[in-house]
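Since the structure comes first, as structure tokens, the remarks are kept for the end.
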Amino acid sequence: YPTKTAGVDRRVEIIVAQADEKANRLRGEGEGQAISILAEALGQDPEFFAFRRSLQAYSKILNDSTTLVLPADADLFKFLLSSQGSK
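End of the sequence shown = 118 in this note's numbering, gap-free, step of one.
Here it is as structure tokens:
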């Protein structure tokens with residue numbers, strides 16, 4: 032009986048190892064495609080992606096009780112002014 036379970040355990044280990052290998056390969060391929068898409072999009076509109084990056088930074092450091100003082104030339108400030116003017 033122990034020999035049978037040892038054989039089954041070994042097969043399970045092999046299947047899990049193969050699945051992990053495939054998952055890692057697919058994850059790497061997906062990340063590579065995502066990087067390619069981002070690089071292509073960045074090349075099309077670098078100003079937008081710089082702005083997007085600054086918004087991501089703001090979202091990480093700000094919360095409901097944060098008071099933010101921005102210089103007049105800050106990207107976020109420019110965006111807020113332009114969006115008010117377009118209404």
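A virtual CB, placed ideally from N, CA and C, is assigned to each residue, including glycine.
Keep in mind that this is a model prediction, so the values were computed, not measured.
Task: Pairwise C-alpha distance: residue 65 and residue 71 - done: Locating residue 71 in the sequence shown gives position 40, where the first residue counts as 1. Locating residue 65 in the sequence shown gives position 34, where the first residue counts as 1. Near 10 Å, if we compare the C-alpha coordinates of residue 65 and residue 71.
Open item on the list: For residue 107 and residue 101, which I take to be in contact (beta-carbon distance under 8 Å), what is that distance rounded to the nearest angstrom?
Closed with: Stepping through the sequence shown from its first residue, residue 107 is reached at position 76. Stepping through the sequence shown from its first residue, residue 101 is reached at position 70. At roughly 6 Å, the Cβ-Cβ gap stays under 8 Å, so residue 107 and residue 101 are in contact.
Task: Own chain residues within Cβ distance below 6 Å of residue 49, not counting five before or after - done: Within the sequence shown, numbered from 1, the residue matching residue 49 stands at position 18. The answer is none, since no qualifying residue turns up.
TODO: Would you kindly check if the distance between the Cβ of residue 73 and the Cβ of residue 82 is under 7 Å?
DONE: Taking the first residue of the sequence shown as 1, we reach residue 82 at position 51. Taking the first residue of the sequence shown as 1, we reach residue 73 at position 42. No, Cβ-Cβ distance for residue 82 and residue 73 is not below 7 Å.
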